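Trainee: In full-length UniProt numbering, the protein residues as written are 1 to 133. Dumping the structure here so I can ask a few things about it.
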Amino acid sequence: MREIKFRGKRIDNGEWVYGSYTHCRDVDGNPSIIPFRANYHVPVDRETVGQYTGLSDRNGKEIYEGDIREGDHAIYLIEWNAEKAQYQAKAIQTKTVLIKHCSFPLWQYVEDDGKCRFVVIGNRWDNPDLLEG
Numbered sequence: 001m002r003e004i005k006f007r008g009k010r011i012d013n014g015e016w017v018y019g020s021y022t023h024c025r026d027v028d029g030n031p032s033i034i035p036f037r038a039n040y041h042v043p044v045d046r047e048t049v050g051q052y053t054g055l056s057d058r059n060g061k062e063i064y065e066g067d068i069r070e071g072d073h074a075i076y077l078i079e080w081n082a083e084k085a086q087y088q089a090k091a092i093q094t095k096t097v098l099i100k101h102c103s104f105p106l107w108q109y110v111e112d113d114g115k116c117r118f119v120v121i122g123n124r125w126d127n128p129d130l131l132e133g
């Protein structure tokens, strides 16, 4: 069964919260996440909300939209492609012009054990320096 969950940075303290996304808004219009096994919602920064891809990296870490992975020749940003209805790794920094601005579907990185063959090294909000060229 597919696990549907989200993460976002709390408005009050900037900590990550994981759970179910809800359309409930606080007085400032911020969306909320209901933490798992909780009966309250936490307002989060809408720019930081990302969905779990359903995949884990080589070390078993869950992969979310906005995560950053390192490859042999590039730094990639994990994002949703609505046109193709798939999660993908988009080359942001690269040592070769051949893959600059190219995107690759995440499914092509999945090994027989169900984990992706790469490691998540950060995310776009906590580690923006990883995306700078």
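Even for Gly, the Cβ is constructed at its ideal location relative to N, Cα and C. Because the structure is a prediction, the values reported are computed rather than measured.
Based on the DSSP output, what are the partners of Ala74 in its beta bridges?
Mentor: Looking at the DSSP assignment, Ala74 forms a beta bridge with Thr94.
Trainee: Keeping to the same chain, check which residues put their C-beta closer than 7 angstroms to that of Gly71; ignore five residues upstream and five downstream.
Mentor: Only Phe118 meet the Cβ criterion.
Trainee: Hey, how far is the Cα of Cys24 from the Cα of Glu111?
Mentor: Rounded to whole angstroms, Cys24 to Glu111 spans 38 angstroms at the Cα level.
Trainee: Do you know offhand how far Arg46's Cα is from Arg10's?
Mentor: Cα-Cα distance, rounded: 10 angstroms.
Trainee: How far does the beta strand (DSSP E) with Arg55 in it extend, from its first residue to its last?
Mentor: The sequence shown places Leu at residue 55, not Arg. Element bounds for Leu55: 50 to 56.
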